[in-house]
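Worksheet: one structure, shown below.
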Amino acid sequence: MNNQISVIGTIATDPKSITTRSGVTLCTFRLASGERRYDRAQQKWVDGETNWFGVTAFRALADHAAASFRKGERVIVTGRLRVRQWENDEKSGTSVDIEAEALGHDLRWGVSSFEKRLGADGGADRPETEAQQHWGEPASDSASASASASASEEDTVEEGEVGSGSGFLAAA
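Read in our numbering, the sequence shown has 129 at position 141, and its numbers run on one by one without any break.
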């Protein structure tokens, strides 16, 4: 089963970087995600239940998470949900884990800056396309003219029409 999940929470443990015997890098940490709501009867904010997740990132995402995240920071985690039952001696329980596909800071609580890192998983091995080679350059007049000339009536939305996302137009 492939369950996608996105969770906003606080990193509860120091992110731990591990390299497997086969050379794959992992970064693991615990994530606490709880709700806060305003209790009108008490006239104050109260904490709801906290859900706990184990988060694991692999390869380049693991390297970037280990370099970027610290205990106590608010983050957004998107990935595959894994719920499994376990038994160990006389104890048993349920483990709820997320195999991370995307990670980032929650910008409601602070600011962040982005630094692109190139590497085997970061895209350095792929050659740039011609369009990428010219990013940041103003479009030439001839490129603008040819783009305008190639637009057809189907590409134009008239007033009162809404794009449906499927390429067809629907009346508003």
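Where a beta carbon is used, it is the ideal one built from N, C-alpha and C, also for glycine.
Keep in mind that this is a model prediction, so the values were computed, not measured.
I believe residue i touches residue j by the beta-carbon criterion, under 8 Å. Please report the beta-carbon distance rounded to the nearest angstrom.
i	j	result
G42	R18	6 Å
L91	L49	6 Å
Go ahead and label residue i buried or exposed: buried means 16 or more other beta carbons lie within 10 angstroms of its beta carbon, across all protein chains shown.
i	result
V63	buried
A53	buried
G67	buried
G148	Because G148 sits at a pLDDT of 43, beneath the cut-off of 50, its placement in the model cannot be relied upon, and the point is left open.
F164	Since the first residue shown for the chain is -11 and the last is 160, residue 164 is missing from the structure and cannot be characterised.
G(-3)	buried
G153	Legend: pLDDT at G153 = 42, less than 50; position of this residue unreliable, no value from coordinates given.
S138	Note that S138 has pLDDT 43, beneath the 50 cutoff, so the model's placement of it is unreliable and the number below is only indicative. So S138 counts as exposed.
State the beta-bridge partners of residue i as determined by DSSP.
i	result
S(-6)	T66
W97	BP columns for W97 are empty, so no partner.
F102	Its beta-bridge partners do not exist; DSSP assigns none.
T168	Since the first residue shown for the chain is -11 and the last is 160, residue 168 is missing from the structure and cannot be characterised.
A162	Outside the shown range of the chain, which is -11 to 160, sits residue 162, and nothing can be said about it.
F17	V43
S83	R72
A53	For A53, which the question treats as bridged, DSSP gives no partner whatsoever.
Starting from the C-beta of residue i, find all residues in its chain whose C-beta is less than 6 Å away, skip the five residues before and the five after it, and write them out in chain order.
i	result
C15	P3, S5, A45, A50, A53 and A54
D27	V34
N39	S21
W97	R62
T7	T13
Let me check understanding here. Comparing Cα to Cα, which of the options lies closest to residue i?
i	options	result
E61	S(-6), T1, V84 and E78	T1
E87	R70, V(-5), G(-3) and V12	R70
K59	R47, I(-1) and F102	I(-1)
V65	E89, V84, W97 and S100	E89
K104	S56, A29, N(-10) and L95	S56
I(-7)	V99, V84 and L95	V84
E23	S10, V(-5) and Q30	V(-5)
Given residue i, which residues of its chain have a CB within under 8 Å of its CB, disregarding the five upstream and five downstream residues?
i	result
P82	Here residue 82 turns out to be Thr, not Pro, going by the sequence shown. Excluding residues within five positions, the ones whose Cβ falls inside 8 Å are V71, R72, Q73 and W74.
S80	Q73 and W74
Grab me the residues of residue i's own chain with a C-beta within less than 7 Å of its C-beta, minus the 5 sequence neighbours each way, in chain order.
i	result
F12	A small correction: the amino acid at residue 12 is Val; Phe does not occupy that position in the sequence shown. Same-chain partners within the cutoff: F46 and R47.
N(-10)	R68
A131	Legend: pLDDT at A131 = 49, less than 50; position of this residue unreliable, no value from coordinates given.
D94	I(-4), R62, V63 and I64
Are the C-beta atoms of residue i and some chain C residue less than 8 Å apart?
i	result
N(-10)	In the structure shown, chain C cannot be found, because there is only a single protein chain.
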